[in-house]
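Undergrad: Residues in the sequence shown are numbered consecutively from 1397, following my numbering.
Pasting a structure here, questions to come.
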Amino acid sequence: MSSTPGASTSRAGASGPSNQQDYSVAAFGAALNATKNKQRWADPPPADLPPELNNEKARTQRLLNLAGINEGTRMGVAFAHRLQGVGGGSSISGREYVTNIKAGMDMDKNFAALFRPTVNNRRRTMELKWEVYIIWVDPDVDPTDHWLNEVVVGHWEDFFYAMVDLTPGRSGEDGKTLRSATVYEWSQTWSWLVLQKCVNREGAKVGQHVLYKQGVYRQLKDRVLWFSHHFQLDRHIKPQSFVGRAPLLLMMRAGYKKTEVYSRVPFQQSCVALSLVCQIAARMGSLGFSTPAHLAKQMYAKLEDVKIIRVSYCRWKVIFNLKYRKGHNWVADAGHITRYTLEPVTKIHNLWFDFGVHLVSFLHMRKAIQGCETLQDIFESKLEELRIKPDMRKEPLFLARTAKGEDLVPSKAASAKGLTRTFQVLAEDCGFYGFTSHGIRRESGDRLGLLLGTEVAREVLVHDEDRTTYHRSYSRNTLNIPVTLAMEGELDAQAPAVNQIALRRNSVTDMVLDSIIDSIERICSRPGNSDDAIIEGRAVAVVLTDEDMATANEDKEVERAQFDLDGLWGTYYEKMPSQAKITHGQRDIESIGKAFERYKNNEHYKKNQEELEKIRVSLQVLGEKRSAALRVAVRRIREEKKKNMIKERAKAPRTTDQVDEAHEKVEELLESNNSVPDLDLSRFLLTADSVSKGDFGQGVLTEAAITTLRQAGLMDELLSEHIRDDEVARENAEAEPFDDSNDNENGIEVQENAGQFNDAHEKQVFDVDMAEAVKKFMISMNLPVEMSESREKIAKANGGKYRCEVCFTLPPEQRTGRYKKVLTTNTFSNKTHLDRHLNSHTEWQKLAPYMRTESPTSFKCPIFECGQKFSTVEEVQEHCTTNCDDSPVFKSLKRAHENRSRGTGTGPRTSLKARKLAAELEQGIELDDEDMAVVKWWENLTSDQVEQIALKYNLDFEELTALMPDIKEAMGSTREQIRDGKAHMVKPKRDTSQGLPPGLEDRVDEYMSSERFNQEVERRNRGEFGS
């Protein structure tokens, strides 16, 4: 808009300079509108109006007299002055204005069709199929004549026959049958293309004539029916899946267990999405973008779409705005924004579905809440609304994941497919087959219909096309619907009796029953497993065969990348000295650097050095491209095998006893507070104590983590529970004979979850109970994030190296790991190595970091209430087991440390099997050629071969790669111990058995001196034990 009066600039036209004042009707219109403040887009009045027009009333009357109109037509005057000012003060006619518009904007395109991505994709695909078919069946037809009316009439029937005959389906019992609905959709798409593209020889459109006058459309409908019966197409709708609270709860619990160390933030996002979809029955396309066109227009949920309102202490409700709905994204009037009120849940066992709790936790992890840096800030905030930081309001609510889903990509929106795939991965971890995100929507719609009626269900599902004036102008609509109460089961008792029966019957689906029954069979048959393990869900393990890997390597994309790689490797060896193919012929990226170092003084290498460096980069890029293609192919094969395995499992007959037991487990899962995560005392007790009141945490925990755990009374409650349960456990252990198989490995004999509340059969709960449950829930969800952040902070300070805080604090002689071997390093290049190292420490050793103070020469008791300080760690340890008021706890930890057993990652002692093998190695074990080949094979593995192993057995490639140096070193050591065809090793010293419980060492020595042991050694020497 021009700042010059009467020189209004249109959005389409270009503005030009004005050298003289304009007192036309347009100028008076601008003055009128500005003074009346009726038109917000009007220019200010001219600064140099004639004196007789300075008065508002005079200006108004003058304008109306000039226009010959009355005041009631002011809108027309406003539009008139804009038409006069479109040239920016210069002379421009109406025709010139229209010409400018058409030159700057293509108005001939069908905008609605242009931005309907799904429909457009179908049309482009059908058009391409038609073009390809005509080229194949009649090559003589000129490409410009493919849509001639005689070509269309002559080939449409056989074209459809070919599509139906050659297209693989995905329906029916065999999963390969085409659906008749698919063929009908083809007919509609092809008919539209004929209408738009079919022409005669003169180029005139004749599509309508061909379809209706020549009867092609009527014949096409008839052929669709004929195809359906002739090819026995599937004419029925596929069985629809319904996903309710039980499978969702199983999925979230499985994800919680899986992310206790890493990937908690992406999992928290999944919880937000699951709890939201469960309550408002939203489509994935309303939360994430569906197509690139939707992404370009930012058609996805954003942080500005949520409003978090504090209801009471640690209780929040959320107003969620659903802006993007199927069928409304590309229309001119999208109607009202659909708004939902998501209330806090009223029962503790429903906390998994509390959208407010999940959302607040997630936003805290993203540092998106204004004025709240820690969880404690959030808990204590008394503001009515928790606001999103202004600079983050436009960010997506759901973020895209990084490769392997370990983290989120800042500011990058998640796609609808990505969110759905995230749900499917959680479902697969529980062994669910046939899971779809739309199944959650169906279940929610069905439940709402039974509880509140079909009209309410239609409104929540946004299927309310026939909205009345009341709904459009006088109702709060979905804001009035108690979706949270309906979904958590609080309204079930108010439904009619017949609907209550349906709700009860639908609460458990075959998907859940199959998973629970399978878990009972596979888990309960193993000793030492609790009932809790049954309802965690178990993924179906799939190991690929050699044939599967061969199929994956024969994938077209993999073969194409491999072909390019082979050619480039050939060029590489041509540029290298000739002997390089012998000395470094592994075709491995790692070998290139070694080869460059070896031949750096070679003249042939020097001559081609620059080109070889480029080849090295290209080989790495091509290798990554091939690896990505191979992973996709392997994933496709693995998912198909997994699907078939679960299908077969579902077909297995079930007894009524199995079904009844599974129903009991599901009811327990849905109504018990034990399904809610709590603070795991065995893991977080000492951490909570050491930071609860203040002087530990420098360099280990972030300030957010420290503040989170500083809660009045929390440590006292946890510690009292811990001491009491430890005493009970110790009394029970002393009353029973020693049993090595049931050793308590971590030394903390406490109950897994403390402070639980049982409200399964109560209508209401005390606020204090719910608030404490929410706090513990949120702390347990956030702790892995805080720990991960502190670990990364320390690594960054150490130049990217991860440091073991236990080894850093302990005296050198106490830095022991597996087999009580003294560890020589406390820094690691990656998290995998650090995690593996930490698993070798006992809980007793892990106390050391909590003894640190700000002074490097002063150490304190880990229990804050004790407060005594000493000059060394050893003195603190002595105090903890003798003089400290809480010495029973520390004695328990130290006893477990000294009696640690093998196989739990807490510092294994030498087992009977290991000592027996040591005796055999002292004498020497015969190795055949095959054994030697295995040792050499492992020692010479390339990164490509390691990748193949990881894909075949579904292992983490990065973790396996990190372990390979140790494996290769072990194989090299084995090869060095081979002499004269036998493997030898010095017999371990007697002190390797230190720490064994009294009496057990005597039993070991007695066994090793027995005749049975000698016979087993002889059998091993004869090769009867196998490899």
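Even for Gly, the Cβ is constructed at its ideal location relative to N, Cα and C.
Going by DSSP, name the residue or residues bridged to residue 1809.
TA: 1795.
Undergrad: Taking contact to mean at least 3 C-beta pairs separated by less than 8 Å, is the region 1711 to 1718 in contact with the region 2175 to 2187?
TA: No contact exists between the region 1711 to 1718 and the region 2175 to 2187.
Undergrad: With a threshold of 16 other CB atoms inside 10 Å of the CB of residue 1806, please say whether the residue is buried or exposed.
TA: When all chains shown are included, residue 1806 counts as exposed.
Undergrad: Residues in the same chain with beta-carbon distance under 6 Å from residue 1832, minus the five sequence neighbours each way, listed in chain order, please.
TA: These residues qualify, in order along the chain: 1637.
Undergrad: In its own chain, which residues sit with a C-beta less than 8 Å from the C-beta of residue 1562, not counting the 5 before and 5 after it?
TA: For residue 1562, where only same-chain residues beyond five positions count, there are no Cβ hits under 8 Å.
Undergrad: If you count every other CB in all the chains shown that lies within 10 Å of the CB of residue 1866, and 16 or more means buried, which is it?
TA: Counting Cβ neighbours within 10 Å, residue 1866 comes out exposed, since fewer than 16 surround it.
Undergrad: What residues in its chain sit with their C-beta under 8 Å from that of residue 1617, if we drop five residues either side in the sequence?
TA: Cβ within range, chain order: 1583.
Undergrad: Ignore the nearest five residues each way along the sequence and tell me which others in residue 1798's own chain have a CB closer than 8 Å to its CB.
TA: Cβ neighbours of residue 1798 beyond the five flanking positions: 1804, 1805.
Undergrad: Classify residue 1893: buried if its beta carbon has 16 or more other beta carbons within 10 angstroms, exposed otherwise.
TA: Label assigned to residue 1893: exposed.
Undergrad: When we look at the beta-carbon of residue 1970 and count the other beta-carbons within 10 Å, is it buried (16 or more) or exposed?
TA: Classification of residue 1970: exposed, given that the 10 Å Cβ count is below 16.
Undergrad: Are residue 1646 and residue 1815 closer than 8 Å when you measure CB to CB?
TA: It is not a contact, given that the beta carbons lie outside the stated cut-off.
Undergrad: Considering only their Cβ atoms, is the gap separating residue 1995 from residue 2025 smaller than 8 Å?
TA: Going by C-beta atoms, residue 2025 is not nearer than 8 Å to residue 1995.
Undergrad: Since residue 2198 sits in a beta bridge, which residues does DSSP pair it with?
TA: Paired residue(s): 2224.
Undergrad: Could you say if the region 2333 to 2344 and the region 1980 to 1995 meet the contact criterion of at least three C-beta pairs nearer than 8 Å?
TA: At 8 Å Cβ cutoff, the stretches touch.
Undergrad: Within a Cβ cutoff of 6 Å, which residues of the same chain sit near residue 2037, ignoring the five residues on either side of it in sequence?
TA: Closer than 6 Å at Cβ, skipping near neighbours: 1938.
Undergrad: Start and end of the alpha helix (DSSP H) containing residue 1800?
TA: Per DSSP, residue 1800 belongs to no alpha helix (DSSP H) and is neither H nor E.
Undergrad: List in chain order: all unbroken alpha helix (DSSP H) runs of 4+ residues lying wholly within the region 1522 to 1552.
TA: Fully enclosed alpha helix (DSSP H) runs of 4 or longer: not present.
Undergrad: Helix or strand or just coil, what does DSSP make of residue 1737?
TA: If DSSP states are grouped into helix, strand and coil, residue 1737 belongs with the strands.
Undergrad: Is the region 1691 to 1703 close to the region 1648 to 1666, with three or more CB pairs under 8 Å?
TA: At 8 Å Cβ cutoff, the stretches do not touch.
Undergrad: Please name the residue, chosen from 2274, 1701, 1847, that lies closest to residue 1897 on a Cα-to-Cα basis.
TA: Per the Cα distances, 1847.
Undergrad: How long is the line joining the alpha carbons of residue 2209 and residue 2044, rounded to whole angstroms?
TA: Taking the straight line from one Cα to the other gives about 56 Å.
Undergrad: Ignore the nearest five residues each way along the sequence and tell me which others in residue 1809's own chain have a CB closer than 6 Å to its CB.
TA: So the qualifying residues of the chain are 1685, 1696, 1792.
Undergrad: Buried or exposed: residue 1890, going by 16 or more other Cβ atoms within 10 Å of its Cβ?
TA: By the neighbour-count rule (16 or more Cβ atoms within 10 Å), residue 1890 is not buried but exposed.
Undergrad: For the alpha helix (DSSP H) that contains residue 2173, what are its first and last residues?
TA: 2163 to 2193 is the span of the alpha helix (DSSP H), which, as asked, contains residue 2173.
Undergrad: Out of 1974, 1549, 1843, which has the shortest C-alpha to C-alpha gap to residue 1595?
TA: The candidate whose alpha carbon is nearest that of residue 1595 is 1549.
Undergrad: The beta strand (DSSP E) spanning residue 1703 covers which residue range?
TA: Where residue 1703 is concerned, the enclosing beta strand (DSSP E) stretches over 1702 to 1708.
Undergrad: Could you tell me the distance, in whole angstroms, from the CA atom of residue 2195 to the CA atom of residue 2223?
TA: Answer to the nearest angstrom: the Cα atoms are 11 Å apart.
Undergrad: Going residue by residue through the region 1806 to 1851, where are the continuous alpha helix (DSSP H) segments of at least 4 residues, counting only ones entirely within it?
TA: Listed in chain order, the complete alpha helix (DSSP H) runs (minimum 4 residues) inside the region 1806 to 1851 are 1812 to 1825, 1833 to 1848.
Undergrad: How long is the line joining the alpha carbons of residue 2127 and residue 2193, rounded to whole angstroms?
TA: Here the model assigns residue 2127 a pLDDT of 39, short of 50, so the residue's position is not dependable, and the following value carries that caveat. Distance between the alpha carbons of residue 2127 and residue 2193: 46 Å.
Undergrad: Determine the extent of the alpha helix (DSSP H) in which residue 1949 is found, giving its start and end residues.
TA: Here the alpha helix (DSSP H) through residue 1949 covers 1942 to 1949.
Undergrad: Out of 1689, 1553, 1954, state which residue places its alpha-carbon closest to the alpha-carbon of residue 2019.
TA: Among 1689, 1553, 1954, the Cα nearest to that of residue 2019 belongs to 1954.
Undergrad: With DSSP collapsed to three states, give me the class of residue 1750.
TA: Note: residue 1750 maps to coil in three-state DSSP.
Undergrad: Does the beta-carbon of residue 1754 have 16 or more other beta-carbons within 10 angstroms, so that it is buried, or is it exposed?
TA: Buried, because 16 or more other Cβ atoms sit within 10 Å of the Cβ of residue 1754.
Undergrad: CB-CB under 7 Å to residue 1849, same chain, minus the five flanking residues each way: which ones, in chain order?
TA: Same-chain partners within the cutoff: there are none.
Undergrad: Check residue 2031 in the structure and name its three-state DSSP category.
TA: Residue state, collapsed to three classes: helix.
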